[in-house]
Structures are given as C-alpha cells and as structure tokens.
Amino acid sequence: MLSFIVRRLGQLILVLFGMLVLTFLVSHMVPGDPARLAAGLHATQSQVEQVRRQFGLNLPLWAQFTRYADGLLHGNLGVSILTRDPVSQDLGAYFPATLEITLTALLIVLAVGIPLGVVSAVRRDGLPDHFSRVFALLGVSMPPFWLAVLLQEVFAEKLGWLPVAGMLSSYLTPPTHITGIYILDSLLTGNWPDFTSAFASLILPSLTLAFGSLAIMTRMVRAKLLDVLRQDFIRTARAKGVLERRVIYRHALKNALPPAVTVIGLQVGSLLQGAVLVEAIFAWPGVGTYALQASEGLDFPAILGFTLLVSVVYVFINTIVDIIYAFLDPRVSYS
Amino acid sequence: MDPAIAYDPPSSQVVSLAYGTLLTLKGSSTDLAPGLATAWSSADGGKVWTFTLRKGVKFADGTAFNSQAVKFAFERTIKMNQGPAWMLDVIQSIATPAPDKLVITLKYPYQPFIYSLAQPAGTAIVSPAGVKKHGDGWFQNHTDGTGPYQASQWVHGQQVVMTRNPDYWQGWSGNHFQKVILKIVTEPSTQQMLLQTGSADMNIAFPVSQVAQVQGQKGIKVLTEPGLNILFIGLNNKSGPTANQLVRQALSYTLDYKGAVQQIYSGYAQQAKGPIPPSLWGYDNALPQYHLDLQKAKALLAQAGYPHGFPMTITVEENPLYQQVVESWQSTLKQVGINATIDTMPWATEYKKLTTLSTAPTAFITGWYADFADPDDFLYPQYASSQQGSVGFNLEWYGNPTVDRLLNQARTEPDHQKRIALYAQVQQILEQQAPVLWVLDQKTAVVERSTVHGYVYNALWPVNAYAMYKD
Chain B
1 MLSFIVRRLG QLILVLFGML VLTFLVSHMV PGDPARLAAG LHATQSQVEQ
51 VRRQFGLNLP LWAQFTRYAD GLLHGNLGVS ILTRDPVSQD LGAYFPATLE
101 ITLTALLIVL AVGIPLGVVS AVRRDGLPDH FSRVFALLGV SMPPFWLAVL
151 LQEVFAEKLG WLPVAGMLSS YLTPPTHITG IYILDSLLTG NWPDFTSAFA
201 SLILPSLTLA FGSLAIMTRM VRAKLLDVLR QDFIRTARAK GVLERRVIYR
251 HALKNALPPA VTVIGLQVGS LLQGAVLVEA IFAWPGVGTY ALQASEGLDF
301 PAILGFTLLV SVVYVFINTI VDIIYAFLDP RVSYS
Chain L
1 MDPAIAYDPP SSQVVSLAYG TLLTLKGSST DLAPGLATAW SSADGGKVWT
51 FTLRKGVKFA DGTAFNSQAV KFAFERTIKM NQGPAWMLDV IQSIATPAPD
101 KLVITLKYPY QPFIYSLAQP AGTAIVSPAG VKKHGDGWFQ NHTDGTGPYQ
151 ASQWVHGQQV VMTRNPDYWQ GWSGNHFQKV ILKIVTEPST QQMLLQTGSA
201 DMNIAFPVSQ VAQVQGQKGI KVLTEPGLNI LFIGLNNKSG PTANQLVRQA
251 LSYTLDYKGA VQQIYSGYAQ QAKGPIPPSL WGYDNALPQY HLDLQKAKAL
301 LAQAGYPHGF PMTITVEENP LYQQVVESWQ STLKQVGINA TIDTMPWATE
351 YKKLTTLSTA PTAFITGWYA DFADPDDFLY PQYASSQQGS VGFNLEWYGN
401 PTVDRLLNQA RTEPDHQKRI ALYAQVQQIL EQQAPVLWVL DQKTAVVERS
451 TVHGYVYNAL WPVNAYAMYK D
C-alpha cells in the first residue's frame with residue numbers, strides 16, 4: 001500500500017507538470033494583452049509597460065514559464081495581475097468557500113444517493129424506483145442554472161425560508177477564521193448566529209450542485225446492487241436463512257459500493273466544474289468566481305494557480321478513492 | 001481600495017464614499033461645485049490653478065486636511081503610476097503657500113483639468129499620516145479619507161461594509177445611514193431577487209433588460225437616469241472601403257437606430273446626436289442625426305464605387321446587447337449588398353486587434369464612459385490623430401488636422417462659452433465625416449426599495465449614500 005501511495009505521488013507530480021505546461025501554453029495563445037487589461041483602458045503606454053515589466057510579461061515565453069516554475073519550487077504561485085495579491089493568498093481566501101459547497105454536495109450525494117439507490121433496487125419497479133428514474137432523468141437533463149433560479153424563486157422569494165444568495169447574512173461578521181469554512185468555524189467558536197445563517201445559506205447552492213451527481217449515484221448504486229443481488233453467494237446467504245436486511249446491507253451493498261465509490265472520484269471533477277456556475281448565481285465567493293475573473297482578465301498566474309489547485313484536489317481525491325476501494329474489496333491489491 | 005490604483009466601478013464606489021476630492025458636481029448635473037476646495041481660479045490661460053481649501057476638515061485618523069495633504073496625495077498617485085494616474089499627468093508642480101491655499105501649475109494650459117478634479121479616480125485624497133503609519137499597501141484593503149463612510153470590513157468576493165465616519169465635515173444631524181454595505185453580486189437574476197425580497201435596498205446599475213420585470217412591483221421604484229456614455233460603431237478610417245467618407249456616410253444610414261433604442265435597450269437609451277451625450281455641457285441639440293435610410297445608403301455606396309456592396313468584418317466583445325445591435329446591423333447591411341461577418345471575442349483580444357492597423361477590422365462596436373465631465377474626454381481620446389491605436393482610444397484610426405487644431409484650441413481656451421463654440425465646430429465636422437456611427441446614449445436604471453429616499457444620481461458620483469435615508 002505504501003509503495004502504491006508513493007507511486008501515486010510520483011504520478012501526481014507528472015500530471016501537475018503536464019497540466020501546467022498545457023495551461024500555460026493555451027492561456028498564452030489567447031490573443032490579448034493582460035498588461036493593458038490590468039493597467040486599464042485609459043492607461044498610458046508607459047503605465048502598461050510598467051505592469052508588463054512588473055509581471056514579467058515582457059520576457060520570452062520560455063523565460064516566463066521558467067520563472068513561474070522556479071517560483072513554484074519555492075512555494076510561490078506568483079502575484080495575481082488583477083488583485084495584485086499573491087495567488088496563494090487569493091486561493092487561500094477563496095478555496096474554503098468552494099470546499100464548503102463541494103463537500104456539502106458530496107455529503108448529500110452519499111447520504112441521499114446511496115439509500116435512495118438501495119431502496120430503488122430493493123423495491124424494483126415499485127414507487128420509489130419510478131421516482132428515482134424520473135429523478136435521475138431530471139438530474140442529468142435539468143440545467144443547473146435553471147434549477148438554481150427555480151430554487152431561489154421558491155424557497156427564497158416566495159416562501160422566504162432561505163437567503164437568496166451569499167455565504168452569510170450581510171449584517172453579520174464572518175466567524176473567526178480557523179478553516180475558512182463558515183459552518184465549521186462558527187461551530188468551533190460557538191458562534192450560533194453565524195452558524196444558523198451559514199447553514200441556511202449553504203442549503204440552496206449545495207443542493208443545486210449535488211443534484212446531477214445525486215441522480216447519477218442513485219442509478220449507479222441501484223444498478224450495481226441489482227447486479228450483486230443476482231449473484232450466487234446472495235442466493236446462498238438467503239438459503240442459509242440470513243435476514244433479508246443483513247443480506248442487503250452486510251453482503252450485497254458492501255460488494256456494490258466499490259464501483260459507486262469510484263464514481264465519486266469522477267464526480268468530484270464535475271462538482272468543481274459546477275461550482276463555477278453555482279458560485280455565480282448564489283454570489284458565493286469561491287475559486288470558481290476567482291477563476292472566471294482570471295480567465296476574462298487573462299490573469300495568467302491566477303489561471304495557473306487555479307489549474308494547479310483543481311488538479312491537486314482531483315488527483316488527491318481519486319487517490320483516496322482508490323485506497324478506499326482497496327479496503328472495501330480485498331481482491332484489489334496495488335502492490 | 002487605494003484611490004491611486006482603483007479604476008473600476010466597484011472600487012470607485014468605495015473610494016467615492018471614503019474619500020473627498022477638491023471639487024464635485026452639482027446634483028445630477030455636470031456643473032462644478034465646491035468639495036474640499038471652496039473656491040478656485042485659473043491664470044495664464046489655464047496653466048496655473050489656485051484653490052482655497054475648506055477649513056476644519058479631518059481625515060478618519062483624526063489628522064487635519066490641508067494643502068500639504070493634497071500635494072502628498074497627488075504626488076503619490078503620480079509616483080505610483082497606476083490606472084488613474086494619467087488624470088494628473090498634466091501637473092508640473094504643486095505649491096502650498098498656506099494650509100488652506102494650494103497652487104497647481106500644469107505643464108501646459110489645460111482647461112479640462114478642473115473637471116478632472118471633480119471625480120474620484122486618481123484625485124481622491126488619502127491621509128498622508130495614514131500612508132506614513134501603515135505604508136502604501138495597506139490602502140488596498142483599508143481606507144483613511146475625509147469621506148462620510150470608511151471601510152470597516154471587506155469580506156473578499158462578498159461585500160464591503162462602510163461605516164459612518166464620525167468626524168465627517170458635513171456632520172451627522174438629520175437622518176443618515178450608520179452603515180453602507182456594498183454587496184458583490186454578478187448575476188442579474190440574483191440582483192433582482194435580492195431587491196424583490198428586500199435583502200438589498202438598491203441597485204445603481206440594474207440590467208436594463210430586466211427592468212420590465214421589476215417595474216410596478218410592490219415595494220420597488222425604478223428611476224431612469226441619463227448616463228454619461230456613448231455606444232458607437234467604429235469604422236476603419238485608414239484602410240479598406242471605409243477609408244472613403246462616402247462609404248462611412250452610407251453605412252451611417254444602414255443602422256436601425258430606433259430598433260436599437262426601443263428593442264435592444266428596452267427604451268433605456270436615446271439615439272445619440274454626435275459624440276457627446278445629452279447630459280454633458282457642450283452637447284449640441286441642433287446637430288443633425290443619421291437615420292435608417294437604405295435608399296440613401298445604396299445611392300452613396302454607388303457614388304463611392306460600391307454599387308454591389310462589399311464584404312466586411314465586425315468585431316464585438318462578449319456583451320449580449322452589443323451583439324444584438326451588431327446582428328441587427330448585419331441584417332440591414334445585407335439589404336444594401338454588404339455581407340458582414342461578425343467576429344465575437346473577449347475584449348482583451350479585440351483590443352489587441354483594433355490597436356494594430358494590419359489586423360483592424362472594418363468595423364467594431366464599443367462604448368465610452370466619461371472619465372470626467374468635460375467634452376474633451378469624449379472627443380480628444382477618440383478623434384485626435386495623436387490618439388490612434390493604443391495611445392488613446394482612437395480605434396477607428398481617424399485623423400483630421402482641422403479637428404486636431406480645434407480640439408487643442410478648446411483645451412486651452414479659458415472662456416467657457418468659446419470652448420462650447422469650438423466643440424460645436426468639431427462636432428459638425430465629425431458629423432459630416434462620419435468616422436463612426438453614434439448609436440445611442442445609454443440610460444441607467446436605478447432600482448431601489450420604496451422605503452429608500454434622498455438619492456440623487458450623478459453619473460460620476462453614483463453612490464451618494466450620505467444624503468440618503470430610509471423610512
């Protein structure tokens with residue numbers, strides 16, 4: 001297992017390097033002048049050149065990349081051309097918000113998707129199964145933007161139960177920073193007004209984000225469980241008089257879960273993608289918002305920083321998933 | 001939040017609340033009014049400007065506002081040489097003969113200078129004591145000015161909370177807000193919902209395409225305010241068929257101006273009359289306007305030697321309203337035999353293309369928003385030949401020695417009425433030569449809750465929260 005983890009880390013570095021080179025080249029291929037954008041439309045040529053020199057944009061491409069890579073080896077992600085703050089500082093400020101909705105969405109996918117998938121399989125062709133079918137169809141075909149606005153209209157505007165947008169009520173001060181995740185920080189510091197507000201604010205964006213992945217997880221668990229329930233060892237267990245509940249949860253589900261767990265790894269990617277849209281609609285200040293601004297402004301250090309971050313998260317999560325898979329399925333070995 | 005760096009609308013809102021300027025504008029107009037200067041005069045044709053400063057004004061840190069502070073703030077902006085610094089480029093030296101007397105000598109006589117001091121970008125005055133104590137970098141995330149509200153909290157990506165400055169020189173008697181919270185919300189549907197639910201009290205630049213959805217709703221009022229801006233379609237004046245004046249005049253008759261105003265901008269605009277918007281002094285209401293007339297267009301094209309039209313490219317950035325205007329134009333152009341291809345691209349990319357003559361398209365659409373309330377701002381950067389390419393904003397590569405002479409003359413003419421007359425001449429020539437199609441002057445929709453009162457719109461000072469109150 002240890003050698004597996006070490007090999008994976010090595011792969012991570014290779015993947016990151018490849019992503020960096022690709023993103024660097026592609027973002028520089030887009031015609032446009034980030035120095036002019038940052039200095040402002042009305043800036044004089046000398047001001048534009050000053051910004052260009054400040055950010056090394058006057059250097060040849062290979063020199064810019066070398067300079068960036070060298071900084072990276074020293075833990076320096078460069079300075080954002082737009083915010084003028086270190087990219088690592090910006091990402092540190094914006095990432096917790098994305099983590100907050102992504103983790104909550106993942107929790108919803110697991111906590112609702114797995115049980116719903118089980119019920120659909122066990123009560124195959126029954127009402128829950130039909131419901132999950134319709135739900136899955138909606139999940140993959142409903143545009144997240146539309147769902148978001150619908151949820152806002154119903155729960156925020158018409159019913160007034162939840163906030164329209166934002167991470168916290170405008171009248172509250174954010175909780176003392178520990179993790180940057182408001183719901184955690186407010187809980188850890190016993191700040192109940194903030195906790196209540198953060199919790200309420202989290203519901204709609206994380207539901208929107210979770211919806212598509214939730215539908216996929218439900219159908220995946222259902223399909224795998226039905227597959228496993230047809231296996232001989234399940235027939236044996238039933239013949240031995242094992243309680244049906246135990247058959248399903250102790251024997252069948254344990255064998256159906258590993259492929260479903262793999263799906264999580266892939267879904268993390270789509271959750272991070274979806275976060276960009278969800279953050280815009282719910283005025284949620286995460287890295288999606290940051291990345292959008294960076295790409296519009298040709299803010300190369302910020303674009304590269306965001307790409308690095310997403311790549312690291314994606315590979316890290318999938319490594320964890322593979323490890324969990326090995327624990328769930330004793331037949332799997334990475335040595 | 002640093003006034004020496006801030007140059008985009010959201011940052012300018014913070015700066016205009018936290019800092020003061022020497023001058024300001026009267027109400028909704030473009031007439032000068034006293035700010036931190038109570039009186040001013042010029043000499044030497046506009047080369048030397050003398051100001052009497054307001055007494056008894058303090059910065060938020062408690063230190064006194066005086067002529068030394070202004071000198072410090074202006075020299076700091078010039079030295080930092082960021083976005084809005086060009087506004088003060090014209091300054092040669094600043095003298096402080098007394099704490100309440102300031103003398104600014106310019107490099108050359110330049111009448112628009114006084115108007116550039118009546119807006120916050122680059123000219124808002126920071127506390128020298130604040131800079132000495134905290135350093136320059138501190139001002140990116142904090143404020144220390146003479147304005148009514150100071151930044152007390154900035155939750156990045158979410159909101160800026162501005163809290164009352166107890167030492168504000170205008171005082172706090174009467175009904176005023178304790179706090180002003182500037183929320184960062186980019187999505188128009190979300191902005192609308194925040195207003196409808198009362199989670200927000202006002203939006204000073206509501207998307208015009210959504211105004212119809214909130215108009216007449218209980219608890220909401222919509223104010224329509226004239227902007228200081230112009231939407232125009234630039235034509236390549238240096239190369240291709242549009243280098244010919246007759247072709248440019250012909251094209252000026254091919255746009256459905258009314259449709260653009262009524263349908264695309266939902267009535268929140270009026271057709272432009274030349275390059276200056278109606279709320280700015282110097283606007284000439286008697287200037288003739290082009291209109292949709294395909295017969296006239298065809299005749300002019302034939303006269304120019306293009307009876308069967310010609311192919312052309314129009315570049316447009318990713319702005320839905322601009323794209324709609326260009327698409328509408330494309331369909332009317334077809335009717336005069338012109339096949340136009342529309343190239344959509346991000347502004348950064350488009351700007352690079354426009355500022356290089358070899359890649360400049362036949363036409364492009366863009367807008368101009370006032371930097372300060374002087375016609376020079378709408379004319380010089382766009383039509384002076386020295387401003388072609390990336391030097392200024394003369395992206396249509398227009399050049400006319402007579403226009404250059406008149407513009408330079410107007411820059412140095414001390415008599416206000418004579419300046420107006422000079423600008424009238426410039427506008428007549430431009431109208432004739434049609435370097436661009438002046439499409440419309442966009443209005444601003446300000447949407448606020450009915451409980452909010454006291455708001456007075458000014459295009460260069462959009463957030464006058466000090467004068468506002470709630471039921």
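From first to last, the protein sequence lines stand for chains B and L.
For the first sequence, the working numbering assigns the number 1 to the initial residue and increments by one for each residue that follows.
For the second sequence, the working numbering assigns the number 1 to the initial residue and increments by one for each residue that follows.
Glycine included, each C-beta is placed from N, C-alpha and C at the ideal position.
Practice item. Measure the C-alpha to C-alpha separation of Asp284/L and Ala424/L and round it to an integer number of angstroms. Key: One alpha carbon belongs to Asp284/L, the other to Ala424/L, and they sit about 7 Å apart.
Check your understanding: Taking C-alpha atoms, which residue in Ala326/B, Pro115/B and Leu304/B lies nearest to Pro86/B?
Key -> Out of Ala326/B, Pro115/B and Leu304/B, Leu304/B has the C-alpha closest to the C-alpha of Pro86/B.
Check your understanding: Can you tell me where the alpha helix (DSSP H) with Asp88/B in it begins and where it stops?
Key -> With the sequence shown as reference, residue 88/B is identified as Ser, and Asp is not the correct amino acid for it. Residue range Val87 to Val122 is occupied by the alpha helix (DSSP H) that includes Ser88/B.
Practice item. For Met29/B, count neighbouring C-beta atoms within 10 Å of its own C-beta (all shown protein chains included) and say buried if the count is 16 or more, exposed if not. Key: Classification for Met29/B: exposed.
Point to revise | the stretch 136-160 of chain L: positions lying closer than 8 Å to chain B by Cβ | key: Listed in sequence order: Gln140, Gln153, Val155, His156, Gly157, Gln158 and Gln159.
Check your understanding: Of all the residues that make up the stretch 180-213 of chain L, which are near chain B by a beta-carbon distance shorter than 7 Å?
Key -> Going along the stretch 180-213 of chain L in chain order, one finds Ile181, Lys183, Ile184, Val185, Thr186, Glu187, Ser189, Thr190, Met193, Leu194, Gln196, Thr197 and Ser199 with a Cβ nearer than 7 Å to chain B.
**Study point:** the stretch 216-227 of chain B contacting the stretch 271-289 of chain B, beta-carbon criterion three pairs below 8 Å
**Key:** Counting Cβ pairs under 8 Å, fewer than three are found: no touch.
Exercise for review: Would you kindly report the start and end of the unbroken alpha helix (DSSP H) that includes Ala136/B?
Suggested key: That run of the alpha helix (DSSP H) goes Leu127 to Ser141.
**Study point:** Buried/exposed call for Ala121/L, threshold 16 Cβ in 10 Å
**Key:** Buried: at least 16 other Cβ atoms inside 10 Å.
Exercise for review: For Thr315/L, count neighbouring C-beta atoms within 10 Å of its own C-beta (all shown protein chains included) and say buried if the count is 16 or more, exposed if not.
Suggested key: Label assigned to Thr315/L: buried.
Review point. Are any of the Cβ atoms in chain L nearer than 8 Å to that of Val149/B?
Key: So yes, Val149/B belongs to the interface.
Practice item. State whether the stretch 310-327 of chain L contacts the stretch 337-349 of chain L, with contact taken as three or more CB pairs (one from each stretch) at a distance under 8 Å. Key: Touching, per the Cβ criterion.
Review point. Going by alpha carbons, who is nearest to Ile234/B out of His251/B, Ala223/B, Arg245/B and Val221/B?
Key: His251/B is the residue among His251/B, Ala223/B, Arg245/B and Val221/B whose C-alpha sits nearest the C-alpha of Ile234/B.
Point to revise | Runs of beta strand (DSSP E) wholly within the stretch 15-53 of chain L (minimum 3 residues, chain order) | key: Fully enclosed beta strand (DSSP E) runs of 3 or longer: 23-25, 32-34, 37-43 and 48-53.
Practice item. Between the Cα of Val21/B and those of Arg67/B, Pro34/B, Ala280/B and Leu151/B, spot the shortest distance and give me the residue it belongs to. Key: Distances from the alpha-carbon of Val21/B to those of Arg67/B, Pro34/B, Ala280/B and Leu151/B put Arg67/B closest.
Exercise for review: Return helix, strand or coil for Pro311/L, following the three-state DSSP convention.
Suggested key: DSSP places Pro311/L in strand when its eight states are reduced to three.
Review point. Does the stretch 160-173 of chain L come close enough to the stretch 264-279 of chain B to have 3 or more Cβ pairs within less than 8 Å?
Key: Taking a cut-off of 8 Å for Cβ pairs, the stretch 160-173 of chain L and the stretch 264-279 of chain B do not touch, as fewer than three such pairs fall below it.
Review point. Can you list, in chain order, the residues of its chain whose CB lies under 7 Å from that of Trp438/L, leaving out five sequence neighbours each side?
Key: So the list reads Ile230, Phe232, Ala272, Gly274 and Pro275, once near-sequence residues are dropped.
Exercise for review: Report the neighbours of Thr341/L on chain B: residues whose CB is nearer than 9 Å to its CB, in chain order.
Suggested key: Within chain B, no residue comes near Thr341/L; the closest Cβ sits about 17 Å away, beyond 9 Å.
**Study point:** chain L contact residues for Ile281/B, given Cβ-Cβ distances below 8 Å
**Key:** Under a criterion of Cβ atoms nearer than 8 Å, the residues of chain L adjacent to Ile281/B are, in order, Glu187, Ser189 and Thr190.
**Study point:** Nearest-angstrom Cβ-Cβ length linking Met507/L and Ala4/L, presumed shorter than 8 Å
**Key:** What the structure shows of chain L is the stretch from 1 to 471, and residue 507/L is not part of that stretch, so it cannot be assessed.
Practice item. Consider the Cβ of Ala93/B: report whether some Cβ of chain L lies at a distance smaller than 8 Å. Key: Yes, its Cβ sits closer than 8 Å to a Cβ of chain L.
Practice item. With distances taken Cα to Cα, identify the nearest neighbour of Val15/B among Ile324/B, Val109/B and Val310/B. Key: If we check each option's Cα against that of Val15/B, Val310/B comes out closest.
Check your understanding: Between Ile281/B, Asn255/B, Lys254/B and Gly212/B, which lies nearest to Ala105/B when the distance is taken from Cα to Cα?
Key -> Of the candidates Ile281/B, Asn255/B, Lys254/B and Gly212/B, Gly212/B places its Cα closest to the Cα of Ala105/B.
Check your understanding: Residues of chain B with CB under 9 Å from Ala348/L, in chain order?
Key -> The answer, in chain order, is Val30, Pro31, Gly32, Asp33, Pro34, Arg36, Leu37, Glu296, Gly297 and Leu298.
Practice item. Examine chain B for any beta-carbon lying closer than 8 Å to the beta-carbon of Asn81/L, and answer yes or no. Key: By this cut-off, Asn81/L is an interface position.
Review point. Using the beta-carbon of each residue, which ones in chain L are nearer than 8 Å to Leu45/B?
Key: For the record, residue 45/B in the displayed sequence is Gln; it is not Leu. Within chain L, the residues placing a beta-carbon under 8 Å from that of Gln45/B are Ser390 and Val391, ordered along the chain.
Point to revise | N- and C-terminal bounds of the beta strand (DSSP E) containing Glu448/L | key: Taken as a continuous stretch (DSSP letters only), the beta strand (DSSP E) holding Glu448/L covers Val436 to Arg449.
Review point. Quick one: does Thr173/B have its CB under 8 Å from some CB of chain L?
Key: With 8 Å as the cut-off, Thr173/B counts as an interface residue toward chain L.
Point to revise | Contact with chain B by Trp86/L, beta-carbon distance below 8 Å | key: At least one chain B Cβ lies under 8 Å of Trp86/L.
Review point. Under the rule that 16 or more other beta-carbon atoms within 10 Å means buried, what is Ser192/B, buried or exposed?
Key: A small fix is needed here, since residue 192/B is Trp in this sequence, not Ser. It is exposed - the Cβ of Trp192/B has fewer than 16 other Cβ atoms within 10 Å.
Exercise for review: Give the straight-line distance between the Cα atoms of Gly92/B and Tyr171/B, rounded to the nearest whole angstrom.
Suggested key: Note on geometry: alpha-carbon atoms of Gly92/B and Tyr171/B lie some 24 Å from one another.
Point to revise | Nearest to Leu354/L (by Cα), restricted to the options Thr23/B, Gly32/B and Gly10/B | key: Closest by alpha carbon: Gly32/B.
**Study point:** CB of Gly78/B within 8 Å of CB of Thr218/B, strictly
**Key:** Not closer than 8 Å, so no.
Exercise for review: Could you check which residue in Lys218/L, Gln249/L and Val325/L has the C-alpha nearest to that of Tyr265/L?
Suggested key: Tyr265/L has its Cα closest to that of Val325/L, out of Lys218/L, Gln249/L and Val325/L.
**Study point:** Cβ of Lys107/L within 8 Å of any chain B Cβ
**Key:** Answer no: the Cβ-Cβ gap between Lys107/L and chain B never drops below 8 Å.
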